[in-house]
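Chains as they are written, first to last, in the UniProt record's numbering: chain Z, 1 to 395; chain D, 1 to 395.
C-beta atoms are modelled at their ideal positions from N, C-alpha and C, and glycine is treated no differently.
2 protein chains.
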Amino acid sequence: MNWAISRRAQQLTSSAIREILKVTERPEVISFAGGLPSPATFPVAEMEAAVARVFADNPQAALQYAATEGYLPLREFVAKRYQVDVERVLITTGSQQALDLIAKVMIDPGSPVLVETPSYLGALQAFSLFEPEFVSVPTDDQGLLPESLTAELTAGARFLYALPNFQNPTGRRLPLERRQALVARARGLGLLLVEDDPYGELSYAGSQLPSLLSMNPDGVIYMGSFSKILAPGMRLGFVIAPPELHFKLCQAKQASDLHTPSFTQRIAYETIRDGLLERHIPTIRELYGKQCRFMLDSLARHMPEGVRWNAPEGGMFIWVELPEGLDSMALLEQAVQRNVAYVPGAPFYASNPRRNTLRLAFVTVSPERIEQGVAILGELFRQAIDAAAPQAKAA
Amino acid sequence: MNWAISRRAQQLTSSAIREILKVTERPEVISFAGGLPSPATFPVAEMEAAVARVFADNPQAALQYAATEGYLPLREFVAKRYQVDVERVLITTGSQQALDLIAKVMIDPGSPVLVETPSYLGALQAFSLFEPEFVSVPTDDQGLLPESLTAELTAGARFLYALPNFQNPTGRRLPLERRQALVARARGLGLLLVEDDPYGELSYAGSQLPSLLSMNPDGVIYMGSFSKILAPGMRLGFVIAPPELHFKLCQAKQASDLHTPSFTQRIAYETIRDGLLERHIPTIRELYGKQCRFMLDSLARHMPEGVRWNAPEGGMFIWVELPEGLDSMALLEQAVQRNVAYVPGAPFYASNPRRNTLRLAFVTVSPERIEQGVAILGELFRQAIDAAAPQAKAA
């Protein structure tokens, strides 16, 4: 039977990358593809103790239906941490759900939505279901260019979606002056900013830049996540929004899953209520900083001339640019044959993909395997550059 | 700042009922309004033991990102229980999420969607966000009337949404012959059936009727839930769909929240893997059957002539019809002043609401308070009938 499905569902197609990356689950594959945090950072013992407290305290309440807005003590924890009114805080089923809710509340078919170049693939997917018209905002190695936000480019835009901290996929952090310029421009243009910040706490040096939210709470929807600082398998995120939008997001949330499990919210709260994050996050920063240096050292040792990459100050990703003309998607198949995987950059672009880019994730791979995998990639890229060189001359 | 929001978000308005029912959280209010299962039925000790096993087994995996489709052993458990291929099973964040995903995949603005008269409010809300055109299917005291499904009524319909077992709000169970007739008609019309079944296991006598799914697996999307047989605070449901629709639902799910927490899925699986449901569900049936009889006895004692209600064979709800001309919404305010609450029937209708109807939930209220609350409602309704009588004569 061929059932009639929605227009938005018709455009959902199986991703070619996903098919290729399925093989990376084989243990012999050195995968720089996943966006997974390191399980070594999960505070297992503390969470187990927290579960015991939840069961000792009021298990019936933890297992019953609960308020759509979220578990009040957890909302208060977030409100205090971000210095906002608790009435602006909504707990979500991972920050991916916040993307879905924001899309539901803000996007009509054809609505212009501004995104960074490149941007987070999961956001592009979540928004796509609501059929916006993506508008790519120019960036350079430091991220988004605020001066590019003209009245013409932003006309009718429902919002600008930005990841100012250690962006997925590029690892870039937006400098302070650009944040200030961005917020000022947005305010002048009446442009809503959606700030996605799953990696903000993961600065290796511990230095944090002020959030867009802190600069203009009434002009920003802020999305946070416990996935990178606690554990992603709990699916706990939150969204901080101006009151009138918070109210709409709550209504959309109620229709979407009633509420995030009260059980996991209480566990998270019991885990972090007494200052765990202050002790725990520095250990993640240290591990990820070390892993990043391993990867950067390996890249320096093995990448041929013509390959460029950045040196992130935090987060989980390095962005690599091959010489123009090379296609990281075509090369992925060869890499996977040699048991190394990465994510090609093209799908992260809402328009005009740069096919010579790719993303490397480094936090879950051992130093030995980083070295080994980067050596293989270096060799592969060198061969590709050499093979392309005569063509380039001929052209 | 007045941000431009989506058309679907504009139609989201605060519910008048919700506002009235907020006061029912006061402990002195006898509430027949909630749709909450009884916390006395939550298998707390078994779940606590299950959590210990999850932590002892592989906590890192339980706390890591996981497959969108769900935790494989839990999917296999569902597949075996419903005798379907595991490839058709998707675990959802409560069955409310299944409604959202089905809407995402099936509904375009203006798509006809058939619903029972009345139908589950949460489904109407979830579907509404995708702007269908609801078509109400006639029902009687036994539920949906299959012969009403003509080619004309069902023309272009994306699906028919039905709750055959102890429907929310009416408590009705669709008889076997109607199920057979419904499935046959739907097949003939090429009409997809969406079968929502959160209460199917809650037959007081333990008797179960075959699901629509079992009668035509390729023509039915089946939604199940652990909320009423385990605990709703875990937010665990599932959807069984024909392969091509399963695939689309998974893609929509990935964009919506990546996956349901692996942590809660593993806990549920560890709780039920060794036959807990077979021991546990009969205790829920017994409790709910007893509670239903208390409520029916009280209704018989206290309701004035002209008030009708049904005697459900399972589930959590009784449906009450006041004499024509009375408005249960207007009466709710008076009831709440007397510290009793229920849910008016009107919002459960997609069109032409019958304002003289209301829903009573009885599983979380003690027998003494059921008696007391029903006595107050009986008195209130008697006064309303008496007050309306002269008008009726005058009219």
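So with Cβ pairs under 7 Å, would you call residue i a contact of chain Z?
i, result
"glycine 206 (chain D)", "no"
"tryptophan 3 (chain D)", "yes"
"leucine 129 (chain D)", "yes"
"glycine 171 (chain D)", "no"
"aspartate 57 (chain D)", "no"
"serine 225 (chain D)", "no"
"valine 44 (chain D)", "yes"
"proline 39 (chain D)", "yes"
"tyrosine 288 (chain D)", "no"
"proline 232 (chain D)", "yes"
"glutamate 371 (chain D)", "no"
"proline 198 (chain D)", "no"
"alanine 181 (chain D)", "no"
"tyrosine 65 (chain D)", "yes"
"arginine 382 (chain D)", "no"
"aspartate 257 (chain D)", "yes"
Classify residue i as helix, strand or coil using the three-state DSSP reduction.
i, result
"arginine 359 (chain Z)", "strand"
"arginine 235 (chain D)", "coil"
"proline 344 (chain Z)", "strand"
"glycine 289 (chain D)", "helix"
"proline 243 (chain Z)", "helix"
"glycine 207 (chain D)", "The sequence as given places serine at residue 207 (chain D); glycine does not occur at that position. Coil at serine 207 (chain D), not helix or strand."
"threonine 283 (chain D)", "helix"
"valine 135 (chain D)", "strand"
"glycine 373 (chain D)", "helix"
"glycine 122 (chain Z)", "helix"
Rounded to the nearest angstrom, what separates residue i and residue j at their Cα positions?
i, j, result
"proline 109 (chain Z)", "alanine 9 (chain D)", "13 Å"
"leucine 72 (chain Z)", "lysine 248 (chain D)", "35 Å"
"asparagine 339 (chain Z)", "tyrosine 288 (chain D)", "57 Å"
"cysteine 292 (chain Z)", "leucine 189 (chain D)", "60 Å"
"arginine 185 (chain D)", "isoleucine 281 (chain D)", "33 Å"
"phenylalanine 55 (chain D)", "alanine 52 (chain Z)", "12 Å"
"alanine 361 (chain D)", "valine 23 (chain D)", "17 Å"
"asparagine 310 (chain D)", "tryptophan 319 (chain D)", "6 Å"
"valine 86 (chain D)", "asparagine 168 (chain D)", "28 Å"
"proline 210 (chain D)", "glutamine 142 (chain D)", "16 Å"
"arginine 359 (chain D)", "arginine 308 (chain D)", "12 Å"
"valine 29 (chain Z)", "alanine 330 (chain Z)", "18 Å"
Output yes if chain D places a C-beta closer than 7 Å to the C-beta of residue i; else output no.
i, result
"lysine 248 (chain Z)", "yes"
"alanine 395 (chain Z)", "Residue placement at alanine 395 (chain Z) is flagged as unreliable, the pLDDT there being 47, under the threshold of 50; the coordinate-derived value follows with that caveat. For alanine 395 (chain Z), the answer is no, since every Cβ of chain D falls outside 7 Å of its Cβ."
"proline 323 (chain Z)", "no"
"glycine 315 (chain Z)", "no"
"glycine 94 (chain Z)", "yes"
"alanine 62 (chain Z)", "yes"
"glutamate 48 (chain Z)", "yes"
Mind pulling the chain Z residues with CB within less than 9 Å of residue i?
i, result
"tyrosine 71 (chain D)", "By Cβ distance, chain Z contributes nothing, its closest Cβ being about 10 Å from tyrosine 71 (chain D), past 9 Å."
Applying the 10 Å Cβ sphere with the 16-neighbour rule, what's the burial state of residue i?
i, result
"arginine 279 (chain Z)", "exposed"
"arginine 301 (chain Z)", "exposed"
"leucine 176 (chain Z)", "exposed"
"arginine 285 (chain Z)", "buried"
"lysine 104 (chain Z)", "buried"
"lysine 228 (chain D)", "buried"
"threonine 92 (chain D)", "buried"
"alanine 45 (chain D)", "exposed"
"lysine 80 (chain Z)", "exposed"
"valine 95 (chain Z)", "Reading off the sequence shown, one finds serine at residue 95 (chain Z), where the question assumed valine. It counts as buried."
"glutamine 254 (chain Z)", "buried"
"methionine 1 (chain D)", "exposed"
"aspartate 57 (chain D)", "exposed"
"asparagine 352 (chain D)", "exposed"
Please confirm whether residue i has its beta-carbon closer than 7 Å to some beta-carbon of chain C.
i, result
"valine 194 (chain Z)", "Protein chains in the displayed structure are Z and D, and chain C is not among them."
Can you list the residues of chain Z that residue i reaches, using a CB-CB cut of under 7 Å?
i, result
"arginine 8 (chain D)", "Lys104"
"valine 51 (chain D)", "Val51"
"isoleucine 107 (chain D)", "Ser6"
In chain D, which residues lie with their C-beta within 9 Å of the C-beta of residue i?
i, result
"alanine 162 (chain Z)", "Correct list: empty, because the minimum Cβ distance to chain D is about 16 Å."
Using the beta-carbon of each residue, which ones in chain D are nearer than 8 Å to residue i?
i, result
"leucine 245 (chain Z)", "Trp3, Ile5"
Whose Cβ in chain Z lies nearer than 8 Å to the Cβ of residue i?
i, result
"serine 328 (chain D)", "By Cβ distance, chain Z contributes nothing, its closest Cβ being about 23 Å from serine 328 (chain D), past 8 Å."
Please list, in chain order, the chain D residues whose beta carbon lies closer than 7 Å to that of residue i.
i, result
"glutamate 201 (chain Z)", "Going along chain D, no residue has its Cβ under 7 Å from glutamate 201 (chain Z), so there is no contact; the nearest lies around 18 Å."
"threonine 283 (chain Z)", "Per Cβ cutoff of 7 Å: no residues; threonine 283 (chain Z) is ~16 Å from chain D at best."
"proline 261 (chain Z)", "Gly233, Met234, Arg235, Pro261, Thr264"
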